[in-house]
Structures are given as C-alpha cells and as structure tokens.
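Colleague:
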Amino acid sequence: MTRELADITHLEPAWDLKAVRRDFPLLELQQDGRPLAYLDNAATTQKPRQVIDAISDYYRRDNANVHRAIYRLGARATEAYESARRTVASFIGAETDKGIIFTRGATEAINLVAYSWGRHNLKPGDEIVVTLMEHHSNLIPWQLLARDTGSTLRHIPLTPDFTLDLEAARKIIGQQTKLVALVHKSNVFGVENPVAEITNMARDAGALMLLDAAQSVPHMPVNVQQLDCDFLAFSGHKMLGPTGVGVLYGRPDLLDSMQPFQGGGEMIDRVTMESATWNDIPWKFEAGTPNIAQAVGLGAAMDYLTAVGMNNIHDYLGQLAGYTRERLQEMDFITLYGPPESSSGIVTFNVDGIHPHDLAQFLDQEAIAVRAGHHCAQPLMDCLGVAATTRASMYIYNTTAEIDRLIEALRKAHSFFN
Ligand code: C6P
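Here the sequence shown stands for residues 145 to 562, where the numbers follow the numbering used here.
#1: Have a look at Leu171, Ala158, Ile272 and Ile245 and flag the residue whose alpha-carbon is nearest the alpha-carbon of leucine 398.
#2: With a cut-off of 8 Å on the beta carbons, I'd call proline 500 and alanine 516 a contact; round off their distance for me.
#3: Starting from asparagine 455 and walking both ways along the alpha helix (DSSP H), at which residues does that stretch end?
#4: With a threshold of 7 Å (Cβ to nearest heavy atom), would valine 368 be considered close to the ligand C6P?
#5: Just checking cysteine 527 against the ligand C6P - is the residue's beta carbon closer than 7 Å to any of the ligand's heavy atoms?
#6: Under 8 Å: do the segment 219-228 and the segment 440-448 share three or more Cβ pairs, one atom per stretch?
#7: On a CA-only basis, which of Asp309, Leu170, Leu376 and Gly409 is nearest threonine 188? Give me that one, please.
#8: Whole beta strand (DSSP E) runs in the segment 253-313 with 3 or more residues, listed along the chain?
#9: Apply the 10 Å Cβ neighbour rule to threonine 146 and answer buried if 16 or more other Cβ atoms are within range, or exposed otherwise.
#10: I think valine 257 touches valine 324, with their Cβ atoms under 8 Å apart; what is that distance to the nearest whole Å?
#11: Assuming proline 434 and valine 232 form a contact by the criterion Cβ under 8 Å, report the distance between their Cβ atoms to the nearest whole angstrom.
#12: Mind checking who glycine 394 pairs with in its DSSP beta bridge?
#13: Measuring only the C-alpha atoms, how far is asparagine 331 from asparagine 207?
#14: Taking buried to mean at least 16 other C-beta atoms within 10 Å of its own C-beta, is leucine 173 buried or exposed?
#15: In terms of residue numbering, what span does the alpha helix (DSSP H) encompassing valine 339 cover?
#16: Just to confirm my understanding: we take phenylalanine 477, look at its own chain, exclude 5 residues before and 5 after, and list those with CB closer than 7 Å. What are they?
#17: Is the closest heavy atom of the ligand C6P to the C-beta of arginine 515 under 7 Å?
#18: Do you know whose CA, among Tyr202, Arg193, Met538 and Ile498, lies nearest asparagine 562's CA?
#19: Taking 7 Å as the cut-off, does the CB of glutamine 359 come closer than this to any heavy atom belonging to the ligand C6P?
#20: Looking at histidine 499 and the ligand C6P, is the gap between the Cβ and the nearest heavy atom below 7 Å?
#21: Check whether the segment 422-434 touches the segment 448-464, counting contact only when three or more Cβ pairs, one atom from each stretch, lie closer than 8 Å.
#22: Any heavy atom of the ligand C6P closer than 7 Å to the Cβ of histidine 519?
#23: Within 10 angstroms of its Cβ, does serine 360 collect 16 or more other Cβ (buried), or is it exposed?
#24: Are the CB atoms of isoleucine 317 and alanine 357 within a distance shorter than 8 Å?
#25: Tell me, which residues are paired with asparagine 494 by DSSP?
#26: For serine 126, collect the residues of the same chain with a Cβ closer than 6 Å to its Cβ; drop the 5 residues on either side in sequence, then sort them by chain order.
#27: Which of helix, strand or coil does DSSP assign to tyrosine 182?
#28: Can you tell me whether histidine 363 sits near the ligand PLP, meaning its C-beta is under 7 Å from at least one heavy atom of the ligand?
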C-alpha cells in the first residue's frame, strides 16, 4: 500500500486512501488550477457519494412523512428514519434506540438538556460545572440556564500546559454540583479530556454527566455505556453526514422523567383544548416533522465510517496531526498551541507577524482551506493570550502531501508578510 500511495502520503492508513478520496466528489474541486487541500474538517467534513446517494435515493424512492401515513410509502419513510436511529444507537453503544433523539446538531442537543432538564431541576445554590476549553455551544446554554434559575456556573481551569486542572476540578465539583458538562475532545487543541476521572468526581458528588462529543464521535470509537455518561451530544455534519442533523443520547430513565423541549405534532399522546399528555421517548423530544432525509444520510455516514473502522481513523488522524506538528516545529516563526501530545487531527498555531485572517486568505490563494478565528472558544483564546489562531483539521481523506503543501505555503506567507 505504501508504494501505491507514496505520491500522496508516507503514512499507512488501514484503508485504501485513494479509493476513499474518489468517493468524495468535492475533493475533485480545482481552485485556480490546483486541487483544494481541505483542512477545515473540524468545522465540517466533506460528504462521500454514499451519503449523497442515500439522501437523494430517499427523496427519489421513499419520501413521505413519518409515523403518520397509513400507506406503504409512509411505512418505508418511517422505517428509513427509525433504522437510522438504530444505526446511531449501535454506533455509540447505546443500550437502546429509545435514548437516541435526533436534533439539528450538537448545539440543539445541549440546549435541549439545558431546557428540558435544567429549567425543571435547578435552583439557587445549585451548580453547573464546565471547563475553560468549552465551545460556546457548551457554555452559553449553561450561562442562560444559570441566569434563569439562579443557579451558579463554575468552570475547571487549565494547567500551564493547557490540560484540565484536575486538582482544581476536585475542589470545584462537590455536593452542590448538579451537572458537569464537559467537552470530550477540544475543537481547538484536539486533545481528549480525562472523562473517566471527571465522571468519577461527578458520580461521587451525585451530579449528572454530559459530554459534548462533537469532536470525539467523528474521530474515535465512542461507547456511551463505557463512558458512563448521562447525556452525549454530537453533530452529523462533522462525520461525513449532512448538515441539519445531530444527536442527543440520553439515559432512557432520565429522558422519561424530563419535560418536553418543544411542543407540536409528534411529541404528544392525547390532546384536548386545555392540556396534553406526551408521547414516549424519544419522540417526546422530536416535535414536528423531523429531519428525515438528514437522519437517513447520517445513518449512511455511520455505515461508511464503520466500514473504515473507528479505531483505524483514530490512529491515522493521530499520526497525521503528529506529522503536522513535527513539520510546523521545523519553522521558528510558528507558535503551536495546546498540550504537546498530538491527537485527533486538529492542530492550532499562529505565524509570527501575520494575523490569522490574513494567513487564511493567503492560504486560500494557495488552494488550502483552514479555519482562522476564535473557533467559538473565546474564553480559551483569552487564556492563550490571543484573539485568534489558525487551525488545520484533518479527516480520513487527507494526506501528508496536503500537509507538505500547507508547510510550503506557510513559508511563502512568512516571507511575503515579513
Ligand atoms: N465546532 C468548529 O469549527 P454544531 O454547530 O451544533 O454542529 O456544533 C457545535 C460544536 C459543539 N462542540 C464542539 C466541541 C464543536 O467543535 C462544535 C462545532 C465547529 O470548531 C464550528 S464552530
């Protein structure tokens, strides 16, 4: 395999990298006569034709509303939707598909918990604990919840090497803690947080545990039962699936005890002009016509990733990030951020004397797509002492040749701007 791939990578992915690349129509895109090196996968990944076809086939052959129609087409649509739910349950090791709620994305999944659990269970004196490396999606819903319930939001700080300060966490998580909401893998550093240690602290305190898994489910095997979490949130579009669909996993007994999120069709059992009773989980939390085609697309994305192998993906992205960090360290005008160990295909850096926005624009001229900005993690940027960084994030189709192009372009940018 190495010899066949030598022109695009010197790593040895466990899959046929060239064949995988051919599955992604967008990777054929030329920008100014060059193939686009797409290195913004933590923002969203590209989609293979298997996912595009699953969505388009659904609309061509099975489209109807779900859980309503008595005719056979409706039954096919319902089966396609519910089969996607079973695929998700098995992908994340959930004990039953009753704990899988389709949402618009990770953001909506976290807001659902803040609304349906938080607003009915928190009072002044109670505490919610997050960390300094949260994405805004796992921070703002808790700020709003604390404001509305009179509860208090606290956060676990970082050590000087930018890992979570577990000593501080032990002091912060206590009897008053009702929920710990933790980012599983940081979207800025790519590093995997010590979930087991923090979950033990939460359990000792009798608190619930929510994981923001938007960057972990796409990158590594995730099993909600092994993680022992109460809630887990992620988005489909960061793992080859379409936009507009994500998942909240919730422990079924907990979901059963929670209030609905939104009201409307589908989430009810019996309705009078004065009151209503609720449908069973998970449908109690899926008001209105759901994102059926998107759920079908997410199921196809999970099938694709399962065939590639989540352990293989984890290994390869770790190697690719390691190679990127190594190459960046060759240049004395680059500052790398985050803990030293590479992980998860995410590398964050700055180039001396160049604003990240200017750099990203320069790289775009070289047909390289990276993200520049605060990455929706402004408190973390404050902690790093910068307003913004540049982030290269890789996925299963990226190659070391693309990283080499990035390195060359960074050298060129440095001499151009300085
Ligand atoms: N991070 C990034 O470029 P949504 O927008 O709902 O699909 O995902 C929100 C989200 C939540 N948590 C983490 C850790 C995330 O990384 C994200 C999305 C993207 O880093 C877009 S800002």
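Each residue gets a CB set at the ideal place from its N, CA and C atoms; glycine is no exception.
Since the structure is predicted, the reported quantities are computational estimates derived from the model, not experimental observations.
Modeller: Put simply:
#1: For the purposes of this step, residue 398 is taken as residue 254 along the sequence shown, with counting starting at 1. The shortest Cα separation from leucine 398 among Leu171, Ala158, Ile272 and Ile245 belongs to Ile245.
#2: Here residue 500 corresponds to residue number 356 of the sequence shown, with the count starting at 1. Here residue 516 corresponds to residue number 372 of the sequence shown, with the count starting at 1. Cβ atoms of proline 500 and alanine 516 come within 8 Å of each other, at about 4 Å.
#3: Position 311 of the sequence shown holds residue 455. 454-473 is the span of the alpha helix (DSSP H), which, as asked, contains asparagine 455.
#4: Position 224 of the sequence shown, counted from the first residue, corresponds to residue 368. Incorrect: valine 368 has no Cβ contact closer than 7 Å to the ligand C6P.
#5: On the sequence shown, residue 527 is found 383 positions in, with the first residue counted as 1. No, the ligand C6P has no heavy atom inside 7 Å of this Cβ.
#6: The segment 219-228 vs the segment 440-448: in contact.
#7: Taking the first residue of the sequence shown as position 1, residue 188 is located at position 44. In terms of Cα proximity to threonine 188, the closest of Asp309, Leu170, Leu376 and Gly409 is Leu170.
#8: Counting only runs of 3 or more, we get 271-275 and 296-300.
#9: For the purposes of this step, residue 146 is taken as residue 2 along the sequence shown, with counting starting at 1. For threonine 146, the pLDDT reaches just 47, beneath the cut-off of 50, and the residue's location in the model is therefore unreliable, although a value from the coordinates is still provided. Result: exposed.
#10: Translated into the one-based positions of the sequence shown, residue 257 becomes position 113. Translated into the one-based positions of the sequence shown, residue 324 becomes position 180. Not confirmed; about 12 Å, so no contact.
#11: Locating residue 434 in the sequence shown gives position 290, counting from the first residue. Locating residue 232 in the sequence shown gives position 88, counting from the first residue. The beta-carbon separation of proline 434 and valine 232, rounded to 13 Å, does not stay under the 8 Å limit for a contact.
#12: Working through the sequence shown from its first residue, we reach residue 394 at position 250. Beta-bridge pairing links glycine 394 to Phe375.
#13: Numbered from its first residue, the sequence shown carries residue 331 at position 187. Numbered from its first residue, the sequence shown carries residue 207 at position 63. Whole-angstrom Cα-Cα distance: 35 Å.
#14: Taking the first residue of the sequence shown as 1, we reach residue 173 at position 29. By the 10 Å Cβ count, leucine 173 comes out exposed.
#15: Here residue 339 is taken as the residue at index 195 of the sequence shown, counted from 1. First-last of the alpha helix (DSSP H) with valine 339: 339-349.
#16: Taking the first residue of the sequence shown as position 1, residue 477 is located at position 333. Correct list, in chain order: Val495, Asp496 and His558.
#17: Counted from its first residue, the sequence shown places residue 515 at position 371. For the ligand C6P, at least one heavy atom lies less than 7 Å from the Cβ of arginine 515.
#18: To locate residue 562, count along the sequence shown from 1; it is residue 418. Check the Cα spacing between asparagine 562 and each of Tyr202, Arg193, Met538 and Ile498: the tightest is with Ile498.
#19: Indexing the sequence shown from 1 puts residue 359 at position 215. At least one heavy atom of the ligand C6P is nearer than 7 Å to the Cβ of glutamine 359, so yes.
#20: To locate residue 499, count along the sequence shown from 1; it is residue 355. At a threshold of 7 Å, histidine 499 does not count as near the ligand C6P, since its beta carbon sits no closer than that to any of the ligand's heavy atoms.
#21: Judged by pairs of C-beta atoms under 8 Å, the segment 422-434 does not touch the segment 448-464, as fewer than three such pairs exist.
#22: If you number the sequence shown from 1, residue 519 lands on position 375. The ligand C6P has a heavy atom closer than 7 Å to the beta-carbon of histidine 519.
#23: For this step, residue 360 is matched to residue 216 along the sequence shown. By the Cβ-count criterion, serine 360 is buried, with 16 or more other Cβ atoms from all chains shown falling within 10 Å of its own Cβ.
#24: Within the sequence shown, numbered from 1, the residue matching residue 357 stands at position 213. Within the sequence shown, numbered from 1, the residue matching residue 317 stands at position 173. Cβ atoms of alanine 357 and isoleucine 317: not closer than 8 Å.
#25: Locating residue 494 in the sequence shown gives position 350, counting from the first residue. Answer is Thr479.
#26: Absent from the structure is residue 126, since the part of the chain shown begins at 145 and ends at 562.
#27: Within the sequence shown, numbered from 1, the residue matching residue 182 stands at position 38. Taken through DSSP and simplified to helix, strand or coil, tyrosine 182 comes out as strand.
#28: Ligands in the displayed structure: the ligand C6P; the ligand PLP is not one of them.
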